[in-house]
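Enquirer:
Number of protein chains: 2
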Amino acid sequence: MDLYGYFRSSASYRVRIGLNLKGLSYDYHPVNLLKGDQHGEHYRKLNPHGLLPTLNDGDTSLTQSLAILEWLDETHPEPALLPKGAEARAYIRALAQSIASDIQPLQNLRVLKYLVSEFKITEEQKILWIQQWIHIGFAALEKQLKPTPFAAGDTPGLFECCLLPQVYNAERFGVDMNQYPKIQTMAATCNELSAFIEAHPQSQPDSTV
Amino acid sequence: MDLYGYFRSSASYRVRIGLNLKGLSYDYHPVNLLKGDQHGEHYRKLNPHGLLPTLNDGDTSLTQSLAILEWLDETHPEPALLPKGAEARAYIRALAQSIASDIQPLQNLRVLKYLVSEFKITEEQKILWIQQWIHIGFAALEKQLKPTPFAAGDTPGLFECCLLPQVYNAERFGVDMNQYPKIQTMAATCNELSAFIEAHPQSQPDSTV
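For the record, the sequence lines run as chains A and B. The numbering of the first sequence is the UniProt record's numbering, which starts it at 1 and goes up by one. The numbering of the second sequence is the UniProt record's numbering, which starts it at 1 and goes up by one.
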């Protein structure tokens with residue numbers, strides 16, 4: 001498989017975790033978001049949205065991190081990213097989508113660029129904007145999470161694929177994570193596992209930090 | 001089943017379409033977003049995020065529109081909202097998530113309110129912001145869609161549940177849809193079907209238009 005991603009892209013990080021949890025190897029192709037590689041003709045042919053990641057498996061080309069993770073779970077069922085039972089699956093998908101639809105989109109690079117260029121917001125306003133949506137989302141997630149090591153029980157899966165990149169961003173933008181002890185503990189537990197360590201932005205060949 | 005929604009909420013509209021496509025009846029409970037009902041103690045107990053919709057089925061309480069639609073497809077398989085085959089499913093989920101994660105979150109009511117109150121943007125800037133993200137997303141979707149009546153073939157499903165609310169918003173905010181003939185045709189075809197007509201914001205008891 002070939003994964004087109006960027007070390008700091010949340011959605012790329014989610015898919016790296018998923019591939020690692022499944023024990024699947026892949027070739028990593030960095031697409032430098034800051035240099036605009038995502039708008040280049042080569043990448044746009046793969047993904048007309050110019051967004052990361054894209055996962056290619058032979059002739060199959062997949063986009064959108066959650067769609068890719070669901071595909072991984074359907075094509076490589078073990079270990080499962082989603083629990084058994086429709087209600088348990090809906091709970092995990094809802095938690096994941098709270099991050100993927102309500103928190104992360106508001107700190108997407110192109111969105112932040114627009115706020116700065118069109119609305120002339122300051123660096124401080126930008127940080128407050130990012131923190132605001134993380135706080136609102138994490139406060140609600142903290143209420144929804146059950147006191148198990150992982151959201152679905154004993155093993156990490158779809159939700160943790162989304163959570164860790166969001167916690168990484170939260171820390172990067174100065175969010176006080178002590179307000180969210182369940183999230184903090186879950187993230188720390190994940191960060192001791194090789195699937196998460198190897199997917200971390202700092203472990204990627206295109207990392208600049 | 002009990003659906004807590006708001007006539008104009010995109011995510012509520014998506015679930016109404018899904019329930020109608022499945023032929024499932026439900027009691028509709030309006031939550032007035034403009035009056036702040038979503039922040040009330042009663043609703044927050046159902047959904048700590050204070051977002052719409054919530055679907056209750058007996059003791060099962062579900063949030064996040066895409067998680068609810070996947071749950072509907074798992075618990076009431078026919079007619080299917082997702083096609084058969086992992087690759088086809090990934091394609092439909094990716095299209096749906098392009099709307100749910102890349103377009104819609106940026107025009108969420110609480111986001112627009114923040115832009116106005118904190119960044120003091122004008123009404124014109126607000127409209128341009130909304131149009132910008134719809135144009136970027138629709139231009140890419142237009143390239144990805146195949147020339148079939150619906151995205152997955154002969155029947156509407158998960159993608160159309162997301163598309164129609166987004167087209168409704170696009171028209172509401174003055175986006176010229178003639179630039180997107182495939183989307184426009186697909187939406188017009190859907191809007192002739194009772195599942196979509198009955199789910200339309202204007203058909204809801206809480207509609208103010």
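Think of the CB as a built atom: it goes at the ideal place given N, C-alpha and C, for glycine as much as any other residue.
Under a three-way DSSP split, which group does residue 102(B) fall into?
Expert: Taking the first residue of the second sequence as position 1, residue 102(B) is located at position 102. Helix at residue 102(B).
Enquirer: Closest Cβ-Cβ distance between residue 143(A) and chain B: below 8 Å?
Expert: Counted from its first residue, the first sequence places residue 143(A) at position 143. Chain B contact via Cβ: present.
Enquirer: Residue 124(A): buried (16+ other C-beta within 10 angstroms of its C-beta) or exposed?
Expert: Sequence index remark: in the first sequence, residue 124(A) carries index 124 (1-based). By the 10 Å Cβ count, residue 124(A) comes out exposed.
Enquirer: If you scan the UniProt domain "GST C-terminal" (85 to 209) of chain A from start to end, which runs of the beta strand (DSSP E) of 3 or more residues do you find wholly inside it?
Expert: Counting only runs of 3 or more, we get nothing.
Enquirer: At 8 Å on the CB atoms, spell out the chain A contacts of residue 121(B), in chain order.
Expert: Counted from its first residue, the second sequence places residue 121(B) at position 121. Residues of chain A passing the Cβ test: 119.
Enquirer: What is the DSSP secondary structure of residue 39(A), reduced to helix, strand or coil?
Expert: Position 39 of the first sequence, counting from 1, holds the residue named residue 39(A). Note: residue 39(A) maps to helix in three-state DSSP.
Enquirer: Looking at C-beta atoms only, is the number of pairs between the segment 85 to 101 of chain A and the segment 84 to 104 of chain B that lie closer than 8 Å three or more?
Expert: Yes, they touch.
Enquirer: For residue 54(B), does the count of other Cβ atoms within 10 angstroms reach 16, so buried, or fall short, so exposed?
Expert: In the second sequence, counting from the first residue as 1, residue 54(B) sits at position 54. Its Cβ being crowded by 16 or more others within 10 Å, residue 54(B) is buried.
Enquirer: How would you list, in chain order, the residues of chain B whose beta-carbon sits under 7 Å from the beta-carbon of residue 111(A)?
Expert: As a first step, residue 111(A) is located in the first sequence; it is residue number 111 there, counting from the start. Residues of chain B passing the Cβ test: 106.
Enquirer: Exposed or buried, which one is residue 73(A) when buried takes at least 16 other CB atoms within 10 Å?
Expert: To locate residue 73(A), count along the first sequence from 1; it is residue 73. It is buried - the Cβ of residue 73(A) has at least 16 other Cβ atoms within 10 Å.
Enquirer: Find the residues of chain A that neighbour residue 43(B), judging by a C-beta separation of less than 8 Å, and give them in chain order.
Expert: The count along the second sequence starts at 1 and reaches residue 43(B) at position 43. Within 8 Å Cβ-Cβ: nothing; residue 43(B) doesn't reach chain A, min ~12 Å.
Enquirer: Please decide whether residue 60(B) counts as near chain A, where near means a Cβ-Cβ distance under 8 Å.
Expert: Taking the second sequence and counting its residues from 1, one reaches residue 60(B) at position 60. Chain A contact via Cβ: present.
Enquirer: Do you know whose CA, among 38(A), 69(A), 31(A), lies nearest residue 89(B)'s CA?
Expert: Translated into positions along the second sequence, residue 89(B) becomes position 89. Ranking 38(A), 69(A), 31(A) by Cα distance to residue 89(B) puts 69(A) first.
Enquirer: Under a three-way DSSP split, which group does residue 3(B) fall into?
Expert: Within the second sequence, numbered from 1, the residue matching residue 3(B) stands at position 3. Looking at residue 3(B) - three-state DSSP - the assignment turns out to be strand.
Enquirer: Going by Cα to Cα distance, which pick from 208(B), 143(B), 17(B), 8(B) is closest to residue 160(B)?
Expert: Taking the second sequence and counting its residues from 1, the one referred to as residue 160(B) is at position 160. It is 17(B).
Enquirer: Less than 8 Å separating the beta-carbons of residue 10(A) and residue 166(A)?
Expert: Translated into the one-based positions of the first sequence, residue 10(A) becomes position 10. Translated into the one-based positions of the first sequence, residue 166(A) becomes position 166. In this structure, residue 166(A) lies closer than 8 Å to residue 10(A) by Cβ.
Enquirer: For the alpha helix (DSSP H) that residue 72(B) lies in, which residues bound it at each end?
Expert: Taking the second sequence and counting its residues from 1, one reaches residue 72(B) at position 72. 65 to 75 is the span of the alpha helix (DSSP H), which, as asked, contains residue 72(B).
Enquirer: Using a Cβ cut-off of 7 Å, pull out every chain A residue sitting near residue 98(B), in sequence order please.
Expert: Residue 98(B) sits at position 98 when you count from the first residue of the second sequence. 49, 64, listed in chain order.
Enquirer: Go to residue 21(A), then tell me how far its alpha helix (DSSP H) extends in each direction, as first and last residue.
Expert: One-based indexing of the first sequence puts residue 21(A) at position 21. 10 to 22 is the extent of the alpha helix (DSSP H) around residue 21(A).
Enquirer: Going by beta-carbon coordinates alone, are residue 180(B) and residue 138(B) separated by less than 8 Å?
Expert: What you label residue 180(B) is simply residue 180 of the second sequence in a count that begins at 1. What you label residue 138(B) is simply residue 138 of the second sequence in a count that begins at 1. A contact, by the Cβ cut-off of 8 Å.
Enquirer: Using DSSP with H/G/I as helix, E/B as strand and the rest coil, what is residue 52(A)?
Expert: As a working mapping, residue 52(A) is identified with position 52 in the first sequence. In this structure, residue 52(A) counts as coil in the three-state DSSP scheme.
Enquirer: Thinking C-beta only, is residue 119(B) closer than 8 Å to residue 121(A)?
Expert: The residue you call residue 121(A) lines up with position 121 of the first sequence. The residue you call residue 119(B) lines up with position 119 of the second sequence. Result yes, Cβ atoms of residue 121(A) and residue 119(B) sit closer than 8 Å.
Enquirer: Please confirm if residue 114(A) has its CB atom under 8 Å from at least one CB of chain B.
Expert: In the first sequence, the residue the question calls residue 114(A) occupies position 114. Judged by the 8 Å Cβ criterion, residue 114(A) is in contact with chain B.
Enquirer: In terms of alpha-carbon separation, which member of 178(B), 65(B), 63(B), 15(B) lies closest to residue 199(B)?
Expert: Residue 199(B) sits at position 199 when you count from the first residue of the second sequence. Here the closest residue by C-alpha is 15(B).
Enquirer: Taking the DSSP output, what are the residues bridged to residue 57(A)?
Expert: Position 57 of the first sequence, counted from the start, is the residue given in the question as residue 57(A). Answer is 60(A).
Enquirer: Would you mind working out which of 153(B), 145(B), 66(B), 141(B) sits nearest residue 13(B), comparing C-alpha positions?
Expert: Here residue 13(B) corresponds to residue number 13 of the second sequence, with the count starting at 1. For the residues 153(B), 145(B), 66(B), 141(B), the minimum Cα distance to residue 13(B) belongs to 66(B).
Enquirer: Check whether the segment 28 to 44 of chain A touches the segment 45 to 61 of chain B, taking contact to mean three or more Cβ pairs, one atom from each stretch, closer than 8 Å.
Expert: As far as the Cβ criterion goes, the segment 28 to 44 of chain A does not touch the segment 45 to 61 of chain B, which means the pair count is below three.
Enquirer: Residue 77(A): which of 40(A), 206(A), 109(A), 21(A) sits nearest, CA to CA?
Expert: For the purposes of this step, residue 77(A) is taken as the residue at position 77 of the first sequence. The option with the nearest alpha carbon to residue 77(A) is 21(A).
Enquirer: According to DSSP, which residues form a beta bridge with residue 30(A)?
Expert: Within the first sequence, the letter at position 30 stands for residue 30(A). BP columns for residue 30(A) point to 5(A).
Enquirer: Give a yes or no on whether 8 Å exceeds the smallest Cβ distance from residue 90(B) to chain A.
Expert: What you label residue 90(B) is simply residue 90 of the second sequence in a count that begins at 1. It does: the Cβ of residue 90(B) has a partner Cβ on chain A nearer than 8 Å.
Enquirer: Below 8 Å on the Cβ atoms is my contact criterion, and I expect residue 133(A) with residue 106(A) to pass it. Report the Cβ-Cβ distance as a whole number of Å.
Expert: Translated into positions along the first sequence, residue 133(A) becomes position 133. Translated into positions along the first sequence, residue 106(A) becomes position 106. Rounded, the Cβ-Cβ distance is 4 Å, consistent with contact.
Enquirer: Could you check which residue in 182(A), 154(A), 71(A), 109(A) has the C-alpha nearest to that of residue 38(A)?
Expert: Locating residue 38(A) in the first sequence gives position 38, counting from the first residue. Measuring from the Cα of residue 38(A), the nearest candidate turns out to be 109(A).
Enquirer: Give the C-beta separation of residue 28(B) and residue 50(B) to the nearest angstrom, bearing in mind that I take them to be a contact with Cβ-Cβ under 8 Å.
Expert: Taking the first residue of the second sequence as position 1, residue 28(B) is located at position 28. Taking the first residue of the second sequence as position 1, residue 50(B) is located at position 50. With 8 Å as the limit, residue 28(B) and residue 50(B) do not qualify as a contact, their Cβ atoms being about 19 Å apart.
Enquirer: Measuring only the C-alpha atoms, how far is residue 86(A) from residue 92(A)?
Expert: On the first sequence, position 86 is the one that residue 86(A) refers to. On the first sequence, position 92 is the one that residue 92(A) refers to. Looking at the two C-alpha atoms, the distance is approximately 10 Å.
Enquirer: Return the residue from the list 136(B), 129(B), 189(B), 168(B) that minimises the CA-CA distance to residue 153(B).
Expert: For the purposes of this step, residue 153(B) is identified with residue 153 of the second sequence, where counting begins at 1. Considering only alpha carbons, the answer is 189(B).
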